[in-house]
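Chains as they are written, first to last, in our numbering: chain X, 30 to 299; chain W, 5 to 290; chain R, -14 to 392.
Beta carbons are placed, not taken as given, at the ideal position from N, Cα and C, and that holds for glycine.
One structure is given below, encoded as structure tokens.
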Amino acid sequence: MTRRFVLHAVLLAGAVLTLAPLLWMVAASLMPSGQATTYPLHLVPHPVTLANYRYLFTHLDLARNVVNSAIVALSATVLSLLINSMAGYAFAKFRFRGRDSLFRLMLAGLIIPPQVGMLPLFVLMRQLHLVNSYWGVIVPSMASIFGIFLIRQYALSIPDELLDAARIDGASELTIYRRIVLPVLTPILVTFAVFMFMSTWNDFLWPLIILSDDAKYTLPVALANLSGEHVQDTELMMAGSVITLLPVLIVFVALQRYYIEGVTAGSVKG
Amino acid sequence: MGIERAQQRAAYALLAPAALLITVFFALPILASLILSVTDFDIYALAAPGNARFVGVRNYADLLRTPLFWTAIGNTLYYVAVGGPLSVLVSLGAALLVNSKLTRFKPFFRAVYFTPVVTTLVAVAIIWKYLYGLHLPGLPAIDWLGDRHWAKLAIILMSVWKSFGYNMLIFVAGLQAVPQELYDAALVDGATAVQRFRHVTLPQLGPTFLFVSITTMIGYTQLFAEPYVMTQGGPLHATYSIVEYMYEQGFRWWQLGSAAAIAFVLFALILVGSLVQARFRPAETS
Amino acid sequence: MSRGAALALSLALVACGRPAATRDVTIRLWAIGREGEVVRQLLPEFERTHPGIHVREQQIPFTAAHEKLLTAYVGNATPDVAQLGNSWIAEFASLHALEPLHPADSADYFPGIWETNRLGDTLYGIPWYVDTRVVFYRRDELPLLPTTWTPWHEAMRRVARPGRYALLAPVNEWATPVVLALEQGAPMLRDSDQYGNFEEPRFRRAFHFYISLFRDGLAPAVSNVAIANRYQSFGNDEYAMTVTGPWDVGEYTRRLPPAFADRWTTAPMPAPDGDPTPGASLAGGSSLVIFHRSAHQDAARALIEYLSAPAQQLKLYALSGDLPPRRSVWQDSIMRANPKTLAFRAQLDHVVALPKIPEIEQICITIANYAEATVRGALTEDAALAALDHDVDHILEKRRWMMRHGH
């Protein structure tokens, strides 16, 4: 049917438009220096060269920034999984004084732009001697109101009988959390882990502020620093962009099912 | 009773780490900002706190008298007014296409359209900065990022590209939640596709629409990294956003009192914008 | 030896650490932009001649330098040594961020430049390289640039024609109007730099001269963002002169065809009529400073001493085109190789420091804003100067308060 054909043609055109900048980025990263900016326009590198990547790793030590990003993103993800799942479970399955008003108050915090507290937070970090350190980047992001909300919504569906039965059997709350709750929460935890990894990996402003030593820069900050200096070297910039994007794209493609489910679930229920 | 007490204790223990972190690293700085905004805390005060003075609403009054503040507000409102609807429309369009019953390979298209969302903003800004500098044969030679009239639009286009996939997913979820019976009933009544869209789909999407438009608006009021990386707020402050102004006041001039005042003005803008949109939500028709 | 004893011995050796004789120290150096790249080449020699001191250099992009330095100060994360624009010295000194310096020789340095590093009786930085502003002009049209204002103005009229301007002075840049003010000897601020002083005669004259250039059609009313490529424009005959700094010697040479190089040259600033020539210009450039919180002050001083040595300043020039702040270095034949740098040599004997207060950068930007508004016809000159005084008074309000309360 022509309608189906037109529909798919439009979808395909949309897909090409969407991916074009990224595909071009990869192509340019493989071009020899200067080829990306010469006219007529080159769409295909000729010859294909890895020189830009080599330069990034040998002269500019980008590997260190990759490691920094990995350390920060993985630590933040693991820690936040623990902290936020505990809180989400508490809000969902326990009754305590002020629970609902506390939850609503917390949600109200979502509307406050993150930049509001950034400067005092920076000064606080200085008092705690966390400036220019991994922890300085990780600590403020460990507790996530969004994450607590997401997990709490999902945790509501844990059957109370399951928990009560375990309590009657004499299991401690810690054991219940570890042995029963966590396994049940696994799907939403995967979703949240992907979200957390992506957002910490891509975080730019806070690491820019808190890190002053270029040996500690995460990739987005290193990339911004690079682009401030090597404005003319487009191919090099593109190679840097590819390296920055690759890990998070891989994580997304591998786990996209969970992530997309989580986004849609969170929005419909919310 | 013993069990209940034990449960309460457990609840507090489970909440404690998150509560502590949120209080210390989120609530406290916000409170500090509120206090700072009524002082003239600046770099002198950083050297010695005794150099800060209580100034009441002077920071806020000064902002109102500063042309650059109004420029930043104007730019930000432009981003919201142009970028917001554009973003919502593109996402809705993509959602309708992807969700259509005729569409095959749905997961593939969903993933492709979502890819820009996943990307690192700094990396993407660099790519687009380059793309905007290209002279493509056939297209008028516009210096997208260097021309005062086009720069904001250029930034919005990039922002729409980067984020439409996220709202697309939300719209898809909303579309799938529309009860099929409503469509069937409309078909029975002889409604065309356009009429079905207007009288069934749109009203049913009301809450989703509201959610998407509020979150999109919030996103555009907080626009920072795109102008920061691509144009540094230029040319001549044409793309200078309110968060950039706050960042410069805070981290370049160390006028912390002024920066805090800007932050709260921003917050007030978002609050007002959200309330206004909630008030004007499309009425649900049955 | 029994295994137990061997283990104990090796543990003991580890516990004692290395012998106390070596005190390996690593100091951190922050340099900005091009200097950040170039200084790396000077460091191996330093490390060779100063065994035990290692230098870790970090390059900061120019656009983010001021922020990064201040953020580092606030965050207690400053390096040991840094390159600091000399207009920022007052700001950092007022924060007590910098360590006072006591160098052995100052006589070799240009006095105007040396001054920018002094606050009261204390020296906070050693000049590393200098810049100032001179006139770049088409020598094929004006064999010799006039040395005083009125003939200069006449010459500009002669070379201007439809589609071609005499002078390029982007309206959003503060250097040109400020240099003209310095030439007039305008103090710009009064009462120990507590109030604006823009309505007094000298600044008025400078401001009027500047505005008249645009009114008479000698300079285009454009901002630097609207100019796609000022070098190409020069090559395309769109303007005959501009006021700029040493970095542009390299830029104008590199970006234009080699044949064009003979068609332009540099000259020191013309002085107001009746004043000694050449006129005054900006005392710009960067200094090397030691942060107060550095734990390795001796090593830091050694590094600064090394980088300030004439041999290293000459090398810096060779690598980056940055002009040396020491007069003796200018005698070297390498400095004479490019005749276009000679104007800078003459100018450097006549440079004036801007008021040494933290707010100075903001004040200069305000001057540019009002100049631009006047050029574009939004304000009369009188109204602009009054508003400028008003605004600068406001900027300095905190400073006045601090001084009143003895801070």
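Across the set X:THR215, X:ARG33 and X:PHE233, the C-alpha of X:PHE233 shows the shortest separation from the C-alpha of X:SER170. The three-state reading of DSSP puts R:MET226 in strand, counting E and B together. Take W:ALA99, set aside five residues on each side of it, and the residues of its chain with a beta-carbon closer than 7 Å to its own are MET172, PHE175, VAL176 and LEU179, in chain order. Beta-bridge partners assigned by DSSP to R:VAL115: R:GLY270 and R:LEU308. Beta bridge pairing from DSSP links W:TYR170 with no other residue. A direct Cα-Cα distance of roughly 11 Å separates X:PHE178 from X:ALA119. Every unbroken stretch of the alpha helix (DSSP H) spanning 4 or more residues and falling wholly within the segment 53 to 94 of chain R is given here in chain order: 74 to 79.
Only residues of its own chain outside the window of five on either side were considered, and among them VAL234, THR250 and THR251 have a CB closer than 7 Å to the CB of R:LYS325, listed in chain order. In chain X, no part has a C-beta under 8 Å from the C-beta of R:VAL66; the shortest such distance is about 15 Å. Residue environment analysis places W:LYS110 among the exposed positions, since fewer than 16 neighbouring C-beta atoms fall within 10 angstroms of its C-beta. C-alpha of R:ARG361 to C-alpha of R:SER197: approximately 12 Å in a straight line. The C-beta distance from R:VAL40 to R:LEU288 rounds to 6 Å, short enough to meet the 8 Å contact threshold. Residue R:ARG189 holds the alpha-carbon nearest to the alpha-carbon of R:GLU366 among R:GLY269, R:PHE121 and R:ARG189. By the criterion of a C-beta distance shorter than 8 Å, X:PRO74 is surrounded in its chain by ALA56, ALA57, LEU59, MET60, PRO61 and GLN64, once the five residues flanking it on both sides are discounted. Taking a Cβ-Cβ threshold of 8 Å, the residues of chain X close to R:ASN61 are ARG155, HIS158 and VAL160, in chain order. Residues of the same chain with a CB within less than 7 Å of the CB of W:GLN259, apart from the 5 flanking positions on each side, are ASP46 and GLN253 in chain order. In this structure, the beta-carbon distance from W:ILE160 to W:ILE222 does not fall below 8 Å. Contact annotation, W:LEU240 with R:SER208: C-beta distance approximately 6 Å; criterion of less than 8 Å satisfied.
Not one beta carbon of chain X lies nearer than 8 Å to the beta carbon of R:ALA89. Listed by position along chain X, the residues whose Cβ is nearer than 7 Å to that of W:GLY254 are LEU148.
Of the residues assessed, R:GLU30 falls on the exposed side of the cut-off, its CB having fewer than 16 other CB atoms within 10 angstroms. Sequence-ordered contacts of the segment 337 to 362 of chain R with chain W read PRO343 and GLN347 [C-beta pairs closer than 8 Å]. Here R:ALA252 carries a strand assignment [DSSP, helix/strand/coil].
Using beta-carbon distances, X:PHE151 counts as an interface residue toward chain R, with a partner under 8 Å.
Residue pairing from DSSP places R:GLY181 in a beta bridge opposite R:LEU174.
Counting along the chain, the unbroken alpha helix (DSSP H) around R:ARG142 starts and ends at 134 to 144.
Among the bridge pairs identified by DSSP, R:GLU42 is matched with R:LEU14. Between W:LEU240 and chain R, the shortest Cβ-Cβ separation is below 8 Å. Assigned with DSSP and collapsed to three states, W:THR107 falls in coil, not helix or strand. Only residues of its own chain outside the window of five on either side were considered, and among them HIS241 and TYR244 have a CB closer than 7 Å to the CB of W:THR75, listed in chain order.
Assigned with DSSP and collapsed to three states, R:PHE121 falls in strand. The beta carbon of R:LYS53 falls within 8 Å of a beta carbon belonging to chain X, placing the residue at that interface.
In this structure, the alpha-carbon of X:MET154 lies about 25 Å from that of W:LEU125.
Against chain W, the beta carbon of X:SER270 has neighbours under 7 Å at ALA127, ILE130 and ILE131, listed in chain order. CA-CA distance, X:SER201 to X:GLN182, rounds to 24 Å. If the five residues before and after R:THR132 are omitted, its C-beta is found closer than 6 Å to the C-beta atoms of PRO255 and THR262, all from its own chain and listed in chain order.
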